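Residue numbers (our numbering): -6 to 220.
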């Protein structure tokens, strides 16, 4: 998979990419991920990428020109352009699965009061991480990239671990334990130490359902409707 991230602040992403699952995928030759400075597509000496809004009001707006020029240089026939923004569809594991099958993703990182609304004519998907506002689109781009790339076979050493994560089957993942078996009077469930894998699988499924019911009743309700 190829990923291009367009941002005014490329230095915000370099440290994360160089120390995460994204670096592992890149080192294995499974990912080609590049961060581009939007100012490289500005046309004035000051490399301007924002301006005041038509109609007045507080804040600055990112200009459409530099972004579209960047897209024209980077886009191919296989590209999916993603714009993280509040009006987008709320991101979930199903979307991560869909995107992990794509050949090329481009992320546009917004800033300030957002991007000139005409950007919507040049993007394929608008995605929101939730009903809150961040300073810029770099964190959403990194989060989506991470969640997508870990699903690409070979990036994780054990893809089966990803297949059993929370949200994969509509539920939270079950509880897990490791040594010691007893810690400050707290015991690991006895069934997990017995070696009966059929019984362990049943316990984990029941624990997953009960955990979701208590901690995420909204997910539990959806699970009950579709099961």
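Where a beta carbon is used, it is the ideal one built from N, C-alpha and C, also for glycine. Please read all numbers here as calculations on a predicted model, not as lab measurements.
DSSP state of residue i mapped onto helix, strand, coil
i: residue 134; result: helix
i: residue 105; result: coil
i: residue 19; result: helix
i: residue 58; result: helix
i: residue 205; result: helix
i: residue 148; result: coil
i: residue 78; result: strand
i: residue 164; result: coil
i: residue 191; result: helix
i: residue 35; result: coil
i: residue 143; result: coil
Beta-carbon contacts of residue i that lie in its chain and below 6 Å, excluding the five residues immediately before and after
i: residue 170; result: 181
i: residue 40; result: 32
i: residue 100; result: -2, 75, 134
i: residue 108; result: 55
i: residue 71; result: 96, 97
Cβ-based neighbour list, residue i, same chain, cut-off 7 Å, excluding 5 preceding and 5 following
i: residue 13; result: 139
i: residue 62; result: 34
i: residue 190; result: none
i: residue 131; result: 0, 2, 5, 6, 102
i: residue 144; result: 89, 90, 93, 155
Nearest to residue i (by Cα), restricted to the options the options
i: residue 165; options: 126, 86, 48; result: 86
i: residue 16; options: 125, 60, 147; result: 147
i: residue 67; options: 122, -5, 112; result: -5
i: residue 141; options: 51, 200, 96; result: 96
i: residue 137; options: 119, 196, 184; result: 119
i: residue 219; options: 21, 80, 28, 163; result: 163
i: residue 24; options: 36, 30, 11; result: 11
i: residue 21; options: 51, 200, 149, 208; result: 149
i: residue 112; options: 211, 59, 30; result: 59
i: residue 105; options: 128, 197, 64, 30; result: 128
i: residue 125; options: 83, 46, 193; result: 83
Endpoints, the beta strand (DSSP E) within which residue i is located
i: residue 121; result: 118 to 121
i: residue -5; result: -5 to 0
i: residue 26; result: 25 to 30
Residue range of the unbroken alpha helix (DSSP H) whose run includes residue i
i: residue 90; result: 86 to 93
i: residue 4; result: 4 to 10
i: residue 216; result: 210 to 219
Beta-ladder partner(s) of residue i, from DSSP
i: residue 129; result: 104
i: residue 44; result: 54
i: residue 180; result: 175
i: residue 72; result: 97
i: residue 83; result: 121
Cutoff 8 Å; reference residue i; Cβ partners in own chain excluding five residues on either side
i: residue 44; result: 53, 54, 56
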